[in-house]
Structure formats: structure tokens, C-alpha cells
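Structure first, then comments.
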Amino acid sequence: PEFDKYVFAANPGEISDPVKSQFGYHIIQVVQKKAPNTRTYEEVRNELAAAMIAKDEARVALEGLEAKLKAGDSAALNAFVSENKLKWEETGAFTIETDEVPKIGQSDEAARMAFSLSSTKPLADRLIRQGPLAYALRYKAVPAEKAKPADSPERNPELLASFTANRRSEDALRQWVEQIRKSSKITMNEQFAGQAAQ
206 PEFDKYVFAA
216 NPGEISDPVK
226 SQFGYHIIQV
236 VQKKAPNTRT
246 YEEVRNELAA
256 AMIAKDEARV
266 ALEGLEAKLK
276 AGDSAALNAF
286 VSENKLKWEE
296 TGAFTIETDE
306 VPKIGQSDEA
316 ARMAFSLSST
326 KPLADRLIRQ
336 GPLAYALRYK
346 AVPAEKAKPA
356 DSPERNPELL
366 ASFTANRRSE
376 DALRQWVEQI
386 RKSSKITMNE
396 QFAGQAAQ
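In this note's numbering, the protein residues as written are 206 to 403.
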């Protein structure tokens, strides 16, 4: 409330004293104020239609891309990349120990899928979704001089089996927690929540 009160009461150019909000303290400078503006449906109809058409076209394109991945059609996938002015990017090196894939971010699914790819199965069979982004994964052989040392998990079968077992148990736990969340009803103890916030 204090944040909103200051923003709407201040004149352009004014700088506030520190203002507290639920996110912390802020120093606010109002640069410009605009008069309220309401647009009619007729004014925005074409913009809305264009946005809906673009969203539908993107959905259809992604469905087509998923079909190409599922079929393992590398040539069609490369054509899709060229037609849509996309480019393949290398993630950089990462190990099976990590859940984070460079340039993609935190994604157990991407890490698992990346380590399932090989020279005989170079394409992932589906897209990896990270929020509004979608990634297609493709295998690239690591040159011998960049190969992992002998003590890395990828070269040690026992260590690799241990990491794989840990990842599977984490997946099983995550699935179990999701099932519990879906079948449970959570109620908030308002009195306790109020005390914790103070």
C-alpha cells in the first residue's frame, strides 16, 4: 500500500524516501505520468487477432517440430531450423552429476535426455520445455582431446551406475510428491502464518 500511495501521489521528477513493501525497501522516482487510457474492442481487434494467429501458428510449428523429432528426421529438422532462421547452439560441457545444463538451465529432463543421446541416436525424440522456451537436443561427439578424464563418472561404470540410480530415486520421489500434492487438500493456518510473517 505505501508503494502504491507514493507512486500515485508523487509528481514527475520527485524521488521518494525509502518506501517499504512486501519485497523490501525501495527508492522511487516517478519519471512520467500518463492519463488513463481505455481502448475499445474495435481499436484492439486487429492486434488481438494477430496475436491469436501468431500463437496458433507457433503451436502448429512446434507440433510439426515434435513430429520431426519423434521420427528422427534430421534433414527435416535442419530444414525447419533454416526456414525459421534458428540456429543450433552448443551447451558446452556438463556432467551427469549436474541437474543444470548450460544455456538451458535447471532441467533434470534435459540432463537425462542429453545423456541418453549417442551417435546412433543423435536426436531427442521430443522438445524440452523451459517456461515459454522449447529446446531440441542433438548429440555432438566430443573430440578425443576434450574427452573426460578416466576418473570422471562417464568413464567409471560403477560411479555412473550410482549416479543413474540416484537420479532414478530422485525422479521416483518427485513423482510421488506430485501425486500426493494432486490428491491432497492443503489448508493454511492463518494464525501460524501471521506469526511467522512477523
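All residues carry an ideal CB built from backbone N, CA and C; glycine is no exception.
Because the structure is a prediction, the values reported are computed rather than measured.
Coil, strand or helix - residue i by DSSP
{"i": "ARG244", "result": "coil"}
{"i": "GLN380", "result": "helix"}
{"i": "LYS225", "result": "strand"}
{"i": "ALA215", "result": "coil"}
{"i": "ALA333", "result": "It is Ile, not Ala, that sits at residue 333 in the sequence shown. Reduced to three states, the DSSP call for ILE333 is strand."}
{"i": "ILE391", "result": "coil"}
{"i": "GLU305", "result": "strand"}
{"i": "ILE232", "result": "coil"}
{"i": "ALA341", "result": "coil"}
{"i": "LEU364", "result": "helix"}
{"i": "GLN311", "result": "strand"}
Assumed close pair residue i, residue j - CB separation to whole angstroms, cut-off 8 Å
{"i": "LYS275", "j": "ASP330", "result": "5 Å"}
{"i": "ALA315", "j": "ILE333", "result": "5 Å"}
{"i": "GLY277", "j": "LEU328", "result": "6 Å"}
Residues of its chain near residue i, where Cβ-Cβ distance is below 6 Å and the 5 sequence neighbours each way are ignored
{"i": "ASP376", "result": "none"}
{"i": "ILE220", "result": "GLN234"}
{"i": "LEU282", "result": "LYS273"}
Identity of the residue in the options nearest residue i by Cα
{"i": "GLN227", "options": "GLU207, GLY218, ALA263 and THR296", "result": "GLU207"}
{"i": "PHE368", "options": "LYS273, THR303, SER388 and VAL382", "result": "THR303"}
{"i": "THR325", "options": "ARG343, GLY310 and LEU378", "result": "ARG343"}
{"i": "ALA298", "options": "LYS292, TRP381 and ILE309", "result": "ILE309"}
{"i": "ALA240", "options": "GLU247, PHE213 and ALA256", "result": "PHE213"}
{"i": "GLU288", "options": "THR245, ALA215, GLU294 and ALA266", "result": "ALA266"}
Same chain only: Cβ atoms within 8 Å of residue i, ignoring 5 sequence neighbours per side
{"i": "PRO217", "result": "VAL235, VAL236, GLN237 and LYS238"}
Residues near residue i in its chain [Cβ-Cβ closer than 7 Å; skip 5 each side]
{"i": "ALA319", "result": "VAL306 and LEU342"}
{"i": "LYS225", "result": "GLU207"}
(request) Just list the alpha helix (DSSP H) runs in the segment 246–305, keeping only unbroken ones of 4 residues or longer that don't cross its boundaries, in chain order. (result) 246–276 and 279–288
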